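Student:
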């Protein structure tokens, strides 16, 4: 199977959001859960507690800062994604991919790589992209628009399923 494409800013933005949003949410939920638990233990230690006291003394003071922090992180993440895209003009080159049962061959005007499937650890699919990971922080992104038909999209998905775990 062969296909060609050129990445655009929306591809780069989507892969960064898919890749980092899960991690950010996980950490914020852990921190928020610990804060709520500590506050709740302190309140319970005082004696009988009403549901209203739990709401006003534990949940709101801990959840609102977490929501604010998430919004702040999201805002700065958008700025960082734009700066990262602007600083990497090589990402905007034409890319040709040959996917076979043995390997992925990726060719650009400046490079060529042949990578056996065993090097890849897993793959993910988003609305517009396939992401094939060599590690948790190193990946290749393949826009679905690179495929000329839905059958080709399905064929590539099946190739990924047969070669790698989907995480």
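In this note's numbering, the protein residues as written are 73 to 239.
Yeah, the Cβ is synthetic: ideal placement off N, Cα and C, and Gly gets one too.
None of the values given here were measured: they were computed from a predicted structure.
In whole angstroms, what separates the C-alpha of residue 108 from that of residue 175?
Tutor: Along the chain shown, one-based indexing puts residue 108 at 36. Along the chain shown, one-based indexing puts residue 175 at 103. Distance between the alpha carbons of residue 108 and residue 175 is about 48 Å.
Student: Pull up the distance between the alpha-carbon of residue 94 and that of residue 146, whole angstroms please.
Tutor: Position 22 of the chain shown holds residue 94. Position 74 of the chain shown holds residue 146. Spanning the two alpha carbons is a distance of roughly 12 Å.
Student: Using the C-alpha atoms, what's the distance from residue 117 back to residue 110?
Tutor: As a working mapping, residue 110 is identified with position 38 in the chain shown. As a working mapping, residue 117 is identified with position 45 in the chain shown. If I take the Cα positions, the gap works out to 11 Å.
Student: Measure the alpha-carbon distance for residue 73 versus residue 184 and round it to whole angstroms.
Tutor: Translated into positions along the chain shown, residue 73 becomes position 1. Translated into positions along the chain shown, residue 184 becomes position 112. In a straight line, the C-alpha of residue 73 is about 17 Å away from that of residue 184.
Student: Using the Cβ count rule (16 or more neighbours within 10 Å means buried), how would you classify residue 166?
Tutor: As a position in the chain shown, residue 166 is number 94, starting the count at 1. By the neighbour-count rule (16 or more Cβ atoms within 10 Å), residue 166 is not buried but exposed.
Student: For the putative contact between residue 100 and residue 141, defined by C-beta atoms under 8 Å, what is the C-beta separation to the nearest angstrom?
Tutor: Residue numbering aside, residue 100 sits at position 28 when the chain shown is read from its first letter. Residue numbering aside, residue 141 sits at position 69 when the chain shown is read from its first letter. Indeed, because the Cβ distance is near 7 Å, the residues count as touching under 8 Å.
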